[in-house]
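Data block below; observations after.
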Amino acid sequence: MHSELVGKINSAVSGANAEHIAAEVGDDSIFVSSEKILDVCKFLYSAAGNEFNVLQVVTGTDYDDRIEVSYILASFINNLELILKTKLSKSSADATPEIDSVCEVWKSADFLERETYDMVGVIFRNHPDLRRLLCPQDWEGWPLRKDYVVQKTYAGMEVNPEHKINSADIYFGEKMKQGAPEPKKVSYSWKKPEFYPEGAAPAANKTTTEGE
Numbered sequence: 693m694h695s696e697l698v699g700k701i702n703s704a705v706s707g708a709n710a711e712h713i714a715a716e717v718g719d720d721s722i723f724v725s726s727e728k729i730l731d732v733c734k735f736l737y738s739a740a741g742n743e744f745n746v747l748q749v750v751t752g753t754d755y756d757d758r759i760e761v762s763y764i765l766a767s768f769i770n771n772l773e774l775i776l777k778t779k780l781s782k783s784s785a786d787a788t789p790e791i792d793s794v795c796e797v798w799k800s801a802d803f804l805e806r807e808t809y810d811m812v813g814v815i816f817r818n819h820p821d822l823r824r825l826l827c828p829q830d831w832e833g834w835p836l837r838k839d840y841v842v843q844k845t846y847a848g849m850e851v852n853p854e855h856k857i858n859s860a861d862i863y864f865g866e867k868m869k870q871g872a873p874e875p876k877k878v879s880y881s882w883k884k885p886e887f888y889p890e891g892a893a894p895a896a897n898k899t900t901t902e903g904e
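Convert by adding 692 to the 1-based position in the sequence shown; the result is the number in the working numbering.
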């Protein structure tokens, strides 16, 4: 299917530069030029034999030099599913790359693009109402960027007060692994006692090494 679609896209949309990416693990995908994403989506939605009439997901993935935007499309008419991807250049850590909205093709893109904007900082041109969806409108930064740093305060409140998040316990096992001569032999569990048979629960925060 993918190779056939690549040929159709490149024939129908000049400059799409569609390419089939065969995955070693997981599902194959098709990459297209970001400048042609709207035209490609219009073609996939309407062309006979394709008719990808459902947009299920829009999401972004942050890399050092780029952000990849992924669209999961489905054709309920032809029982097909497709992962369509494109790459956006990222000039700096706080850059907000732009791409055309596909809301005019699928109305479901509205909230999906807003979430991607909110979490990854991608601007969707011509979106009817592009604003944050999960975070407050004046939130700083993009939470799913690899270099994201949570602001210390918001609206006069401490965002991650140490006495509430208990980070020392959360990272107890990882710290033990880092200091162990053979980290792969260190295991730890946070299961509560009620998950164990009576009398079999391990001591809280217990870390063991293989052979104990």
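Even glycine gets a Cβ: it sits at the ideal position worked out from N, Cα and C. Bear in mind that the values here come from a model prediction, so they are computed numbers and not experimental data.
Residue i to residue j span [Cα, whole Å]
i: Val698; j: Tyr846; result: 47 Å
i: Asp839; j: Glu832; result: 13 Å
i: Asp830; j: Ile791; result: 22 Å
i: Cys733; j: Arg824; result: 24 Å
i: Ser879; j: Asn858; result: 20 Å
i: Ser719; j: Ile775; result: First, the amino acid is wrong: residue 719 is Asp here, not Ser. Going from the Cα of Asp719 to the Cα of Ile775 covers about 8 Å.
i: Glu696; j: Ala787; result: 35 Å
i: Ala766; j: Lys782; result: 29 Å
i: His855; j: Gly865; result: 19 Å
i: Pro875; j: Met868; result: 8 Å
i: Arg758; j: Pro789; result: 9 Å
i: Asp731; j: Lys799; result: 16 Å
i: Val851; j: Val842; result: 8 Å
i: Ser762; j: Met849; result: 35 Å
i: Leu747; j: Leu826; result: 20 Å
i: Thr778; j: Ala801; result: 16 Å
i: Glu904; j: Tyr863; result: Per-residue confidence for Glu904 stands at a pLDDT of 49, beneath the threshold of 50, marking its modelled position as unreliable; the derived number appears in the next sentence. Each residue's alpha carbon lies about 22 Å from the other.
i: Gln870; j: Val797; result: 50 Å
i: Ser726; j: Ala872; result: 46 Å
i: Glu807; j: Asn745; result: 21 Å
i: Glu760; j: Leu822; result: 19 Å
i: Val724; j: Pro853; result: 44 Å
i: Pro835; j: Ser721; result: 25 Å
i: Glu773; j: Leu804; result: 18 Å
i: Gly707; j: Ile701; result: 10 Å
i: Pro828; j: Arg837; result: 17 Å
i: Phe735; j: Phe816; result: 19 Å
Whole-angstrom C-beta distance between residue j and residue i, which should lie under 8 Å
i: Ser793; j: Asn818; result: 5 Å
i: Val749; j: Lys728; result: Their Cβ separation, rounded to whole angstroms, is 20 Å, which puts Val749 and Lys728 out of contact at 8 Å.
Beta strand (DSSP E) segment containing residue i, residue limits
i: Asp792; result: 790-792
i: Lys777; result: 772-781
i: Gly752; result: 746-754
i: Phe803; result: Phe803 -> not in any beta strand (DSSP E); alpha helix (DSSP H) instead, spanning 801-812.
Delimiting residues of the alpha helix (DSSP H) encompassing residue i
i: Ala704; result: 694-704
i: Tyr737; result: 729-738
i: Glu832; result: Per DSSP, Glu832 belongs to no alpha helix (DSSP H) and is neither H nor E.
i: His712; result: Careful: His712 lies outside any alpha helix (DSSP H), inside the beta strand (DSSP E) at 711-713.
i: His855; result: 854-857
Any non-hydrogen atom of the ligand PLP within 6 Å of residue i CB
i: Asp839; result: In the structure shown, the ligand PLP is absent, as is every other ligand, since no ligand is present at all.
Opposing strand residues paired with residue i [DSSP bridges]
i: Phe864; result: In DSSP, Phe864 forms no bridge with anything.
i: Ala766; result: Val746, Glu773
i: Arg758; result: Ser781
i: Ser721; result: Ile713
i: Tyr846; result: Met849
i: Arg817; result: Asp792
* Hey, is the stretch 798-815 in contact with the stretch 743-753, meaning 3+ C-beta pairs nearer than 8 Å? -> yes
* Asked: Counting Cβ pairs closer than 8 Å, one from the stretch 735-747 and one from the stretch 711-719, do we hit at least three?
  -> no
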